[in-house]
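Read the structure below first, then the notes.
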Amino acid sequence: MNEIFDKVLQAARKLGASDVHLKVGLPPVFRIRGVLRTLKDVPPVHGDVIMTFALNVMNELQHERFARELQVDLAYDAADGNRYRVNVFRQRGETGMVLRIIPSDIPPFERLNLPDRVRQLAGEHRGLVLVTGVTGSGKSTSLASLLDVVNRERAAHIVTVEDPIEYVFTDRRSVVNQREVGLDANTFADALRAALRQDPDVILVGEMRDFETIRTALLAAETGHLVFSTLHTIDAKETVHRIIQMFPADEQNAIRIQLASILRAVVSQRLLPRVDGRGMIPAVEVLINTPRVRSLIEDPARTGEIIDAIKDGKHPYGMISFDQSLTELVQRKLITYETALSAATNPEDFALYFRGVSSGTDGPELEIE
């Protein structure tokens, strides 16, 4: 049974898909360059076939979790050595699956089209670095690439806590221990607390999903470790707000001060289709924690000014706003103006900013395709 699906997954890789959707009554559906496409000349998938494949790729603990929660996340190693992140779930009484294709190797940072300032974050030795964005925005890949920079460039003990483990690291100059929630630990918070007793230099928390995980991650960063993690937030301002709002009202002022002290950077990503059809490219917002940013985080009345600090901090600190990033991508003819406009947080504000740049008030002449 797995051989049939392995062939489907091989076809997905060949076509450059990022995800594979398996739903009862439909042929396999691939997401290619951000667009869902149904495989032609392939019969619809039957429910018993999906269920059999799902059960074959689960271990005993994952079986139990699926039976209890009716959904489960796991990693699948296909016969050809390729790896996939899998979500199995129930819908309308049937089993469905979505598989995210994980590249065979951790992409070198230089291939990610991220600013050099982001790479420099791998050189930090303490504090909190967050990579944020919606599902499918490339957070896991960016974090894996940053972590591999650490792995290759300095001797460190790296502990990762993931659900599931996606990229598998090979020890280079560092020693990397990877723990999977549900397999090697019961919860993110449990594994993170244990990591603090394992002499870590760098800790990766796959996702800060809950209050306890966030609290422990902040403590880890405060006690002298470099902590990388992700949040499903669209930008730095929302990220700061989300973290603080996770805490009871009577703790929020103290958390603001703690976060302002330990935060090193927030990198937010949005993947956009390239104009040449060669896959996707990230638009990014990069917040670096400067004295000005620190004061804005500490003051709830001024946190909304973070975007202004980002715009003003481009040249001295290497920060970049989404509007600046989108404009540069259009200027380099990597995305269309229409794509940039649709991806902007506020399309009206972006259009005004772009017109200002293209008129020469804030940069070189740009050409809208």
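Under numbering that gives the first Met the number 0, read the sequence shown as residues 0 to 368, first letter to last.
Don't be surprised by glycine CBs; every beta carbon is placed ideally from N, CA and C.
Query, Result
"First and last residue of the uninterrupted beta strand (DSSP E) at P272", "262–272"
"Alpha-carbon spacing of S103 relative to D249, whole angstroms", "47 Å"
"Nonlocal neighbours in the same chain, by C-beta distance under 6 Å from G33, ignoring five residues either side", "P272"
"Exposed unless 16 or more other CB atoms sit within 10 angstroms - verdict on F29", "buried"
"Enclosing alpha helix (DSSP H) for I306 [first to last residue]", "305–311"
"Q251 CB to nearest heavy atom of the ligand MG below 7 Å", "No copy of the ligand MG occurs in the structure displayed, which carries no ligand at all."
"Nearest neighbour of R423, chosen from R172, Y166, T222, V175 [CA to CA]", "Residue 423 lies beyond the stretch modelled for the chain, which goes from 0 to 368, so this question has no answer here."
"With 16 other Cβ atoms within 10 Å as the buried cut-off, status of V356", "buried"
"Distance between V128 and R171 (C-alpha atoms, nearest Å)", "22 Å"
"Within 8 Å, strictly: CB atoms of F187 and L203", "no"
"Contacting residues, own chain, Cβ-Cβ under 6 Å from V329 (five flanking each side not counted)", "Y336, A339"
"Cβ-based neighbour list, T360, same chain, cut-off 6 Å, excluding 5 preceding and 5 following", "At T360 the pLDDT is 48, less than 50, meaning the model places this residue with poor confidence; the figure from the coordinates comes in the next sentence. Here the set comprises nothing."
"Span of the alpha helix (DSSP H), counted from its first residue to its last, around G46", "46–56"
"Proximal residues to E368 (C-beta, below 6 Å), its chain only, five neighbours per side dropped", "Note that E368 has pLDDT 36, beneath the 50 cutoff, so the model's placement of it is unreliable and the number below is only indicative. Closer than 6 Å at Cβ, skipping near neighbours: T335."
"Unbroken stretches of the beta strand (DSSP E), 3 residues or longer, contained in the stretch 183–257", "201–204, 225–230"
"For Q70, the first and last residue of its enclosing alpha helix (DSSP H)", "Careful: Q70 lies outside any alpha helix (DSSP H), inside the beta strand (DSSP E) at 70–76."
"Residue range of the beta strand (DSSP E) that includes A282", "279–287"
"I164 beta carbon less than 8 Å from that of E179", "yes"
"Cβ neighbours of V130 in the same chain (closer than 6 Å, five flanking residues each side left out)", "K138, S141, L142, T229, V266"
"Rounded C-alpha distance that separates A300 from V44", "54 Å"
"For A121, the three-state DSSP class (helix, strand or coil)", "helix"
"First through last residue of the alpha helix (DSSP H) which encompasses V149", "138–152"
"Cβ-based burial, L258 [other Cβ within 10 Å; buried from 16]", "buried"
"Other residues of its chain near D5: CB distance less than 6 Å, five sequence neighbours each side excluded", "A77, A78"
"Residues of its chain near I261, where Cβ-Cβ distance is below 7 Å and the 5 sequence neighbours each way are ignored", "G126, L127, L217, A220, E221"
"Burial state of F346, where buried means 16 or more other Cβ atoms lie within 10 Å", "Phe is not the amino acid found at residue 346; the sequence shown has Pro there. When all chains shown are included, P346 counts as exposed."
"With 16 other Cβ atoms within 10 Å as the buried cut-off, status of I309", "buried"
"For G92 and A121, the rounded distance between their alpha carbons", "46 Å"
"Cut-off 8 Å between Cβ atoms - residues of its own chain near L8, not counting five sequence neighbours on either side", "V19, A77, N81, Y83, L98, I100"
"Coil, strand or helix - R301 by DSSP", "coil"
"C-beta contact flag for Q268 and P247 at 8 Å", "no"
"From N185, A194, D162, residue whose alpha carbon lies closest to that of N176", "A194"
"Three-state secondary structure (DSSP) of G362", "Confidence at G362 is low in this model, with a pLDDT of 43, below 50, so the placement of that residue should be treated as unreliable; the coordinate-derived value is given next. Coil at G362, not helix or strand."
"Helix, strand or coil at R36 [DSSP, three-state]", "strand"
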